[in-house]
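>
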Amino acid sequence: MTQKYFESQIQDQPFINFLKNSILIVDEYDWLIFEGSPTAMSDWIRFFWIPHKLICLTGSTITQKEETCLDVAFGAKEIKFPTLSSLKSNKTVHASDILLNSCQLDYCKHLYELCMKQTMKTPVILVASGAYQIINTYFKRYRELQFYSMKGVKGSKADAYLEGKFNVRNSKKRFGVLLLTDMQGRGTDLQTSKEIEDSGGLYLIICDVFSKRSTQQIIGRVARLENKGQWRHVLLISGSQDTVEQAIQYRQEFLENENHIKFSKLQTILSQSYQQQQNKQSPDKRKIEDSTNEEQIEETQREISSFEDVNESYLECQSLQPKTKIQNQNKSQLERAASEDVSKQKSSLLPIIKKSLILLMRSRLETVNLKLLKQESNNLKSKVIKTKIQTW
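Residues 1 to 392 (the numbering used here) make up the sequence shown, in order.
1) What whole-angstrom Cβ distance do Asp182 and Phe210 have, given they're in contact under 8 Å?
2) Does the count of Cβ pairs from the region 100 to 120 and the region 228 to 242 closer than 8 Å reach three?
3) Confirm, please, whether the CB-CB distance from Gln184 to Met150 is below 7 Å.
4) Just to confirm the assignment, what range does the beta strand (DSSP E) spanning Val441 have?
5) Using the beta-carbon count (16 or more within 10 Å), is Asn328 buried or exposed?
6) Buried or exposed: which applies to Ile218, given that a residue is buried once 16 or more other Cβ atoms fall within 10 Å of its Cβ?
7) Where does Met1 sit, in a helix, a strand or coil, going by DSSP?
8) So, are the CB atoms of Pro123 and Leu204 less than 7 Å apart?
9) One question on the structure: do Cys56 and Leu266 come within less than 7 Å of each other, judged by their Cβ atoms?
10) Is the separation between the beta-carbon of Leu19 and that of Ile50 shorter than 7 Å?
11) For a test of the three-state rule: what should DSSP assign to Asp242, helix, strand or coil?
12) Considering Gln146, what are the terminal residues of the beta strand (DSSP E) in which it resides?
13) Just the C-alpha distance for Glu35 and Ser193, rounded to the nearest angstrom, thanks.
14) Would Ile206 pass as a contact of Val127 if the rule is Cβ separation under 7 Å?
15) According to the neighbour-count rule (16 or more other Cβ atoms, all chains shown, within 10 Å of its Cβ), is Ile135 buried or exposed?
16) From the DSSP output, in three-state form, read off Trp231 for me.
17) Out of Gln13, Tyr107 and Glu28, which has the shortest C-alpha to C-alpha gap to Met1?
18) For my contact list, Phe263 and Lys65 are in at a C-beta cut-off of 8 Å; report their separation, rounded to the angstrom.
19) One question on the structure: do Gln146 and Gly176 come within less than 7 Å of each other, judged by their Cβ atoms?
20) For the alpha helix (DSSP H) that contains Val26, what are its first and last residues?
21) Run through the DSSP bridge pairs and tell me what Tyr203 is partnered with.
22) Excluding five sequence neighbours on each side, which residues of the same chain lie with their C-beta closer than 7 Å to the C-beta of Pro38?
23) Tell me which residues share the same chain as Val30 and place their Cβ nearer than 7 Å to its Cβ, disregarding the 5 neighbours each side in the sequence.
24) With a CB to CB cut of under 8 Å and the five nearest residues on each side skipped, what residues in its chain are close to His110?
25) Am I right that Val222 and Thr137 are in contact with their C-beta atoms under 8 Å? What's the rounded C-beta distance?
26) I'd like the list of long-range same chain contacts for Phe48, defined as Cβ closer than 6 Å, with 5 residues on each side in sequence excluded.
27) At the level of alpha carbons, what is the spacing between Ser214 and Asn259?
28) Across which residues does DSSP place Ile98 in a beta bridge pair?
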């Protein structure tokens, strides 16, 4: 599917139902996800939550902010493969950039003269945004050049329209000049030939300053695979005192700051949307968690109750008086003394019992070892009995 057709189907319910059980592969996904306003980008991302599986591809380098947004939106990180240019020699030549600070007429005249000279050897590609209209108007006045303006033409149609024209000399032995918008300049595949390659490859002139990523994609038009290519900036900034390098740097830094703010807003929107989606999709999960928590509380109460019962019996064992046939006048005094001893022992045991309860709660109420408690109870009981016998 082309992007245009895909966009026409995103409101179609049968198409959405089909996507739910499909694997969607998106080429140049950053054109869809990372273009436009934060709201528009978040709409595309939410739409990409629909497919059963999603595979996204791009030849561009994404920023740290964009990586963060991908992680928030899809819980995924980018897998990077080495570029062809890193494996083989890059045949693209960067000619010296030019900055003109005069008027629009002088700028267009300078561009035209460059094209007149270069089209004797190779085709020329002009990529413009703000300067598009003045270039288009000026070049259409003259007939020496084979000039093609692609404004309003979609990518696939531009490829078909230029096939057999752009890379062929006209009756005046000149190649063509192609004027593209920034979007077309990032996605139009242009054919070359052996004659063009022998002359240095396609010749690209970038007439405006674009973001670093867009510039990389535009440069990619003239160096497809192992083809040769030449490119340069030719800019018009009236009254500028900066060098061409400074002008490009300042403008790209401004664009990067704008993108940074935009993606910060997108990250906030995605975090809120993701939380809302989780709340909608997991009512059953919350019920299960609540049920589990209730069961844990009940188990805790049972453990505490059993522990208290054991300790009550333990204390009762301590308070038992040994049966004896000895009768004397001080019997009542001995009983009171024994009762006081037992009370003291009870009070000394209470902190131990409290600490034990706290430890049981923190360790998720491990099962009380009744055998150890009984053994300790018997030991203490025998000690109490021995104490009473000695007292008697």
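Cβ atoms here follow ideal geometry from the backbone N, Cα and C, with glycine treated the same way.
Predicted model only: the values in this text are computed from it and were never measured.
The structure says:
1) 6 Å
2) yes
3) yes
4) In the structure displayed, the chain extends from 1 to 392; residue 441 sits before or after that span and is not available.
5) With a pLDDT of 46 at Asn328, under the threshold of 50, the modelled position of that residue is not reliable, and the figure given next carries that caveat. Under this definition Asn328 is an exposed residue.
6) buried
7) coil
8) no
9) no
10) yes
11) coil
12) Gln146 to Ser149
13) 33 Å
14) yes
15) buried
16) strand
17) Glu28
18) 4 Å
19) yes
20) It is not in any alpha helix (DSSP H) - Val26 instead sits in the beta strand (DSSP E) that spans Ile23 to Asp27.
21) Val124 and Gln230
22) Lys262, Lys265, Leu266 and Ile269
23) Sequence check: residue 30 is Asp here, not Val. Cβ within range, chain order: Thr58, Ser60 and Ile62.
24) Ile98, Leu100 and Val234
25) Not quite, the Cβ-Cβ distance comes to about 25 Å (not below 8 Å), so this is no contact.
26) Leu54
27) 12 Å
28) Val234
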